[in-house]
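I have placed the structure first, in the form of structure tokens, so that the comments after it can refer back to it.
Numbering (the numbering used here), first residue to last: 319 to 397.
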């Protein structure tokens, strides 16, 4: 079991979700049955949703490192 904290945990989640998407898409390409293929692609779509959530959480966690300080606006003129 991997124990991670903070942003590293979110990066790990994103990587695992990317693997999940690839895994289910690959299985879908190999499936001979159309019904199984459709189910596998639906699972891959769900994994993409999880991936998006993980990426958004990671971006939110990292956002304090990527902001403009108020002093950066001190050179703007009032109009």
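Virtual Cβ for every residue (Gly too), placed ideally from N, Cα, C.
(request) Quick one: give me the first and last residue of the alpha helix (DSSP H) that residue 370 is part of. (result) 352 to 380
(request) Rank 336, 344, 327 by C-alpha distance to the C-alpha of residue 367 and give the top, closest one. (result) 336
(request) Under 6 Å Cβ to Cβ from residue 355, same chain only, skipping five residues before and after it: list those, please. (result) 346, 349, listed in sequence order.
(request) Rounded to whole angstroms, what's the CA-CA distance from residue 365 to residue 381? Just pull it up for me. (result) 24 Å
(message) Suppose contacts are defined by Cβ-Cβ distances below 7 Å. Is residue 373 in contact with residue 339 by that definition?
(response) no
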